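Comments concern the structure below.
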Amino acid sequence: MRVIEKISEAGALAQRIREAGKTIGLVPTMGDLHQGHLSLIRQARKDCQQVFISIFVNPTQFGPSEDYNSYPRDLQRDKRLAEKEGVDIIFAPSPGEMYPEGYRTFVEVEKLSEPLCGGSRPGHFRGVVTIVTKLFNIIRPHIAYFGQKDAQQAIIIKRMAHDLNMDIEIKVLPIVRERDGLALSSRNQYLNEAERRAAPILYKSLQEAKRMIETEERRSRNIIHRMEEMIKREKLAKMDYVAIVDGETLEERERAEGKVLFALAVWIGRTRLIDNLALELD
Ligand code: PAF
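Under this note's numbering, the first residue of the sequence shown is numbered 434, with each subsequent residue one higher.
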């Protein structure tokens, strides 16, 4: 396994791999690899002849009062995990390599970046889409892998790749959960014991929404109300948003029908967690 820090080196190596007729899979990450990332790497390993992962805590997707400085970083541990999964190349550039002095260009996906997490984290998706575009241009993978946990991110990246005519397949893989339903996230490690016990409230409220659908309740207002009630009952939880939206346009839906996304963000203490459930209903 090679670890590359320079854009020129990563780009040249990817070019040689393509010229040799081999397929490239890319798993973009911010490091602190967990089972969610490993599930993406395993899929890339199955699909592609060469697997790149990027490890880069991207400053442009963090707001000024967010956790950029404290975001967990442990390249040695990530290297060990990646090597075990058969990753071929880790691309781990520095912030200065990706955003040198004089950097001025950003990529924005209109509309889709506004609701849900876009409302609470202004500029977040502009930063995500910009870094993903740069990674795609440097590595030019055949397939890139993202997790369904960041459902809005995945929808936005698919739109960007389509709109900008990128010849890259975007694969979105299922959420990986703890036994009690908590979706895996690097930010789970910020939770203290009591908060960790409270955190499955996101999953539980989604399960309740599913149960309501199964009993033929389709009015979004009623489902959201029930989910909000559950979250309010959990003392350590503070709701950011709960929404039922179209699974492609992210527009609010009055009724849960067709391709829908149940999405929520909840503060557990000082940690903001997200989760979602994507359904195709009649
Ligand atoms: O999902 C993430 O970890 C990040 O948003 C990504 C896609 C690696 C871009 O920095």
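Positions of the beta carbon are idealized from the N, C-alpha and C atoms, including for glycine.
As the structure is a computational prediction, the values presented were derived from the model and not from experiment.
{"query": "Compare the C-beta of Asp596 against all C-beta atoms of chain C and say whether one is closer than 9 Å.", "result": "Checking the listed chains, one finds no chain C in this structure; it contains a single protein chain."}
{"query": "Would you mind reading off the limits of the beta strand (DSSP E) that contains Gln483?", "result": "Gln483 to Ile488"}
{"query": "The beta strand (DSSP E) that contains Asp708, what's its start and end?", "result": "Thr704 to Leu714"}
{"query": "Less than 9 Å between the C-beta atoms of Ala525 and Ile634, yes or no?", "result": "no"}
{"query": "Using three-state DSSP, classify Asp465 as helix, strand or coil.", "result": "coil"}
{"query": "Going by the CB atoms, is the gap between Val490 and Ile522 shorter than 9 Å?", "result": "no"}
{"query": "According to DSSP, Val565 sits in a beta bridge with which residue or residues?", "result": "According to DSSP, which records beta bridges pairwise, Val565 is partnered with nothing at all."}
{"query": "DSSP three-state label for Met434, please.", "result": "coil"}
{"query": "Let me confirm a value: Leu459 is counted as buried when at least 16 other C-beta atoms fall within 10 Å, else exposed. Which label applies?", "result": "buried"}
{"query": "What whole-angstrom Cβ distance do Asp673 and Ala698 have, given they're in contact under 8 Å?", "result": "4 Å"}
{"query": "Which one or two residues does DSSP pair with Tyr674 in a beta bridge?", "result": "Ala698"}
{"query": "Taking one C-beta from the segment 468-478 and one from the segment 447-454 each time, how about it: are there three or more such pairs within less than 8 Å?", "result": "no"}
{"query": "What does a CB cutoff of less than 6 Å around Gln482 pick up in its chain, not counting 5 residues either side in sequence?", "result": "Lys455 and Thr456"}
{"query": "Please output, in chain order, the residues near the ligand PAF using a CB cut-off of less than 6 Å to any non-hydrogen atom of the ligand.", "result": "Pro461, Thr462, Met463, Asn491, Gln494, Val561, Ile564, Val565, Asp583 and Gln586"}
{"query": "Counting beta carbon pairs with one atom in the segment 612-627 and one in the segment 584-592, are three or more of them shorter than 8 Å?", "result": "no"}
{"query": "Can you give, in chain order, each stretch of the beta strand (DSSP E) that sits fully within the segment 536-581 and has at least 3 residues?", "result": "576-580"}
{"query": "Is it buried or exposed, Thr704, if we count other Cβ atoms within 10 angstroms and call 16 or more buried?", "result": "buried"}
{"query": "Evaluate Ser503 with the Cβ neighbour count: other Cβ atoms within 10 Å of its Cβ, from every protein chain shown; 16 or more gives buried, anything less gives exposed.", "result": "exposed"}
{"query": "In this structure, what does DSSP give as the bridge partners for Val605?", "result": "Phe579"}
{"query": "From this set, Arg513, Tyr578 and Leu669, which residue's C-alpha is nearest Ile601's C-alpha?", "result": "Tyr578"}
{"query": "Which first and last residues belong to the alpha helix (DSSP H) in which Arg651 is found?", "result": "Counting along the chain, Arg651 falls outside any alpha helix (DSSP H), and DSSP gives it neither H nor E."}
{"query": "Do you know offhand how far Gly702's Cα is from Lys671's?", "result": "8 Å"}
{"query": "How would you write the range of the beta strand (DSSP E) that Phe524 sits in, first residue to last?", "result": "Ile522 to Phe524"}
{"query": "What do you get for Asn570, buried or exposed, if any count of 16 or more other CB atoms within 10 angstroms of its CB means buried?", "result": "exposed"}
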